[in-house]
Amino acid sequence: MTHMMNDTIAAIATPPGIGGIAIIRISGPNAWNAVKHIFKSDISNTAPESHHACHGWIMNGKEPVDEVLLTWFEAPNSYTGEEVVEVSGHGGPLICQCILDLLLNHGIRTAEPGEFTKRAFLNGKLDLNQAEAVADLIHAKTEYARRVAAYQLEGRLSERITTIRDTLIRNCSLLELELDFGEEDVEFASRNDLKSGLISIQKSLNELLSTFNRGRVCRDGIRLVIAGRPNVGKSSLLNRLIEKERAIVTDVPGTTRDTIEEMLDIEGVLFVITDTAGLRSESGLVEKEGIRRTYAALNAADMIIWMTDASQPWLPEDENLLLSVRQAQVPCFYTVNKIDLKPHPDISRLTQGIPNQDILKISALTGQGIDTLIQKLKSTALSGDVPHEGETLITRARHAEAVRSALNHVQSAQDSIKKNMSQEFIALDLRGALEALGCITGQTTPDDILNQIFSEFCIGK
Ligand SMILES: Nc1nc2c(ncn2[C@@H]2O[C@H](COP(=O)(O)OP(=O)(O)OP(=O)(O)O)[C@@H](O)[C@H]2O)c(=O)[nH]1
Ligand SMILES: [Mg+2]
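Heads up: the sequence shown at position 99 corresponds to 164 in our numbering, and the numbers run straight through without jumps.
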């Protein structure tokens, strides 16, 4: 490996601001060497015992900086696999910065975002998808997101991928052995065994791929857009869903001018809800821009709540938006709001052409029908199937792409067997599948992708 890791890095690992404690992390061959210059232990100045906390003071010459606990991790038994020192001081930004500055004076440089985890990966402490899981776990906003990331960090996805790779490697070497024997007509890899092996790999990969939609929903959440003509009650619904008076509600049509985004956790599933400017044709400059943003939000939506007003006549605006929403390739809920009021006879127009179960009668004012709406949102997001305990899910497009590519190679290997083609063609495809899967675990991931993955981490992780 060409990566130079003989320098020592440091960073504040806790978030900026004031807290009970803050941790400064140092990793690399000079970790203890640097720290010992600024640390005055109660006991002695030899390295403390590995994996034990040690009490003392950080000193700037004769000046005390902070009273700290220091933990030394002897290589390779640390997060990064290198020598690591963690200094736990009091949680104030000036203290941390002062300790960090002192370290920088002793030949240590500041760590880049994700550099600790990158070193852990390069030292084989975790594989690439586990490293990604670290970031996902930190950023998890819902219970499902947290759970899926924890499973991935634990190594469940890696295990699945490694099992498949092992089978591929075994078959590949048998085929390549056949090649070595050249002219002689030997078959080390029985074609029947190979066929059934590939079928089971295919099954396993398809299973994984089928979890991607749920996995993506768990990790990233669902972009849900509420759209409808002015004054039907979109902002009232947003407020009702998030149980906060977030958006301004008035009886003046055109109240909402800009899109408003709020997060909602529905029993573990994250929804990013956008309330939009009501759509109508005659409007001023500001409102026109609002309407432009409404269309942009609709284009990016994973799900749409279309809304009309039960008490009002059916207007061309209702009709137009309904048409464009129905063309969108995403699930849509047709809500008839204000059912607490006397319904207008026009409302029957909506029921023509839209499946009954997709029409939801609600009142953002009284809360009627909202629970049903919430349950529908959740079950549609997860295609009716919540991630069960212990299930391995694919959450990233990068992983799904790799699995798809592996499946193509496996398919083409099967075709070659069917056509009685020679070993090298089959072996080539098995190698292709191996390489694709290796991108998930990191064996074959190109450097630029590695760098991009780690740059998304926070500093100190
Ligand atoms: N009776 C009744 N009134 C409602 C209901 N939902 C909203 N309203 C009223 O309808 C009016 C418009 O509500 P908003 O939530 O501001 O409507 P909007 O769709 O966001 O309107 P714009 O931002 O102008 O597009 C307000 O006076 C609300 O109090 C409901 O379910 N029942
Ligand atoms: Mg509004």
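C-beta atoms are modelled at their ideal positions from N, C-alpha and C, and glycine is treated no differently.
Nearest-angstrom beta carbon gap, residue j and residue i [assumed within contact, 8 Å]
i	j	result
V297	N402	6 Å
G93	E148	7 Å
L240	A492	4 Å
G156	I83	6 Å
Q217	N188	In fact, because the Cβ distance is near 19 Å, the residues do not count as touching under 8 Å.
S348	L430	The Cβ separation is near 25 Å, so there is no contact.
R345	E382	5 Å
L165	A99	In fact, because the Cβ distance is near 11 Å, the residues do not count as touching under 8 Å.
I439	I331	6 Å
I435	Y399	Not a contact, Cβ separation roughly 15 Å.
V334	T207	6 Å
W371	A292	6 Å
V475	L222	V475 to L222, Cβ: 18 Å. No contact.
V130	I89	Contact flag wrong, Cβ pair sits at about 11 Å.
L502	I226	5 Å
I524	A176	7 Å
R256	M70	The pair is not a contact, with the Cβ atoms about 46 Å apart (cut-off 8 Å).
Neighbour-count burial assignment, residue i, 16 or more Cβ in a 10 Å radius
i	result
H68	Interpretation of H68 is limited by its pLDDT of 47, a score under 50 that renders its predicted location unreliable; no figure is taken from the coordinates.
C504	buried
D374	buried
M66	Bear in mind that the predicted position of M66 carries a pLDDT of just 37, short of 50, making it unreliable; the figure below should be weighed with that in mind. So M66 ends up on the exposed side.
G507	buried
I86	exposed
A76	buried
N236	buried
E489	exposed
D494	buried
I518	buried
I91	buried
D72	exposed
C397	buried
L303	buried
P158	exposed
K407	exposed
V537	The displayed coordinates of the chain run from 66 to 526. Any statement about residue 537 would go beyond what the structure contains.
R230	buried
L244	exposed
R294	buried
R469	exposed
I427	buried
Residue closest to residue i, alpha-carbon to alpha-carbon, out of the options
i	options	result
V532	D436, K183, R288 and A498	Coverage of the chain is limited to positions 66 through 526, which leaves residue 532 absent and any answer about it impossible.
T79	I424, P178, W137 and C119	P178
H117	M124, K105, E139 and Q217	E139
I356	T320, R235 and K183	T320
F336	I88, K441, R463 and E132	K441
L191	R174, A210, E219 and G280	E219
L135	S106, K127, I160 and R230	S106
E132	T145, F104, A215 and I370	F104
I404	Q488, G432 and L273	G432
I160	G146, S143 and I123	I123
G280	F253, E384, Y209 and R221	Y209
A362	L502, L380, V390 and R174	V390
T509	H464, A112, D316 and G126	H464
A198	T460, R294, A312 and I524	T460
A446	I369, A196, P158 and L270	I369
R496	L472, K484 and Q517	L472
I419	S448, E308, L388 and D250	L388
Q479	D201, I266 and K101	I266
T228	K526, L499, D513 and F522	L499
I173	I74, A215 and A196	I74
Range covered by the beta strand (DSSP E) that runs through residue i
i	result
L134	E128 to F138
K105	F104 to S106
K426	I424 to K426
G121	A118 to N125
F336	V334 to D340
G293	I287 to G293
L329	I325 to I331
Limits of the alpha helix (DSSP H) - the one that residue i falls within
i	result
E151	E151 -> not in any alpha helix (DSSP H); beta strand (DSSP E) instead, spanning V149 to G156.
N95	Per DSSP, N95 belongs to no alpha helix (DSSP H) and is neither H nor E.
C504	Q488 to T506
N473	A462 to K483
I266	R256 to S275
C397	Careful: C397 lies outside any alpha helix (DSSP H), inside the beta strand (DSSP E) at C397 to N402.
I514	D512 to S520
D72	Unbroken run through D72: none, as it is neither H nor E.
Beta carbon proximity, residue i to chain B, threshold 7 Å
i	result
K190	Of the protein chains in this structure there is only one, and it is not chain B.
| query | Would you call the region 251-262 and the region 339-358 touching, i.e. three or more CB-CB distances under 8 Å? | reply | no
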